[in-house]
Amino acid sequence: MNIYAGLMRQCKAMGVLLSLLEEEFEALANNAGQEIASVEFSIQELIRQLMDEKEALRSILRDSSYSGLADYVHVLGPQDRAAMSTILDELKAMEERCSFQAMKNRTMASALAEQNAALVKFLYDQVAPVKESVYSSKGRWNDNGSRSTGIIRGML
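Here is the structure:
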């Protein structure tokens, strides 16, 4: 495997990741749960593949006795160094864009989760009885106030 080709594959994969993250954001905005789940699965698989690709490059660099990519770039000729620098800059820019989009997606997902929790609490408060003197879960009348007024009601 060529190091330059591996970096090009990573750059293209980051472009695909960015488009998947943007698709996930749209699904979050449209509240499309099934679509969110499938896109999220694709994102996780792509990230796994990216990590495998990065590990393969590290292995090649280690096997070639380079401590890192910077050492490899310094050995290259001026023309190859310029091409490598260009692809590394492009890769860094794509990573930053993906990171920003992932942050937007996380913020949107958190906001939707908070909104859902607040809505559930509101609905529960609307459904829950205000007075305690209501029918119990067993279908019996539960009147806690009637014990203190038993004599007035004719009960002993």
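Numbered by numbering that gives the first Met the number 0, the letters in the sequence shown go through residues 0 to 155 in order.
Every residue gets a Cβ at the ideal spot worked out from N, C-alpha and C, and that includes glycine.
Using C-beta distances below 8 angstroms, list every residue in its chain close to Ala108, excluding the 5 sequence neighbours before and after it, in chain order. Indexing the sequence shown from 1 puts residue 108 at position 109. Same-chain partners within the cutoff: Leu27.
Is the separation between the beta-carbon of Met160 and that of Gly14 shorter than 8 angstroms? With the chain covering only 0 through 155, there is no way to say anything about residue 160.
With DSSP run on the structure shown, which of helix, strand or coil describes Leu20? In the sequence shown, the residue the question calls residue 20 occupies position 21. Helix, per DSSP.
Please classify Leu156 as buried or exposed, where buried requires at least 16 neighbouring CB atoms within 10 angstroms. In this structure the chain extends from 0 to 155, so residue 156 is not present and cannot be described.
Exposure label - Val129; buried when at least 16 CB within 10 Å: Taking the sequence shown and counting its residues from 1, one reaches residue 129 at position 130. Per the 10 Å Cβ criterion, exposed.
Can you tell me whether Leu90 is helix, strand or coil according to DSSP? Residue mapping note: residue 90 aligns to position 91 of the sequence shown, counting from 1. Reduced to three states, the DSSP call for Leu90 is helix.
Exposed unless 16 or more other CB atoms sit within 10 angstroms - verdict on Asp23: Here residue 23 refers to the residue found at position 24 when the sequence shown is read from its first residue. Reading the sequence as shown, one finds Glu at residue 23 and not Asp. Counting C-beta atoms within 10 angstroms of its own C-beta, Glu23 has 16 or more neighbours from the protein chains shown and is therefore classed as buried.
Do the CB positions of Ile46 and Leu20 come within less than 8 angstroms of each other? Position 47 of the sequence shown, counted from the start, is the residue given in the question as residue 46. Position 21 of the sequence shown, counted from the start, is the residue given in the question as residue 20. For Ile46 and Leu20, no; Cβs fall outside 8 angstroms.
State the Cα-Cα distance for the pair Thr85 and Lys91, rounded to the nearest angstrom. Counting from 1 along the sequence shown, the entry for residue 85 is found at position 86. Counting from 1 along the sequence shown, the entry for residue 91 is found at position 92. A straight line joining the alpha-carbon of Thr85 with that of Lys91 spans about 10 angstroms.
Using the Cβ count rule (16 or more neighbours within 10 Å means buried), how would you classify Leu6? One-based indexing of the sequence shown puts residue 6 at position 7. Leu6 comes out buried.
Taking the alpha-carbon positions, what's the Arg61 to Gly67 distance? The sequence position of residue 61 within the sequence shown is 62, counting from 1. The sequence position of residue 67 within the sequence shown is 68, counting from 1. Approximately 8 angstroms between the Cα atoms of the pair.
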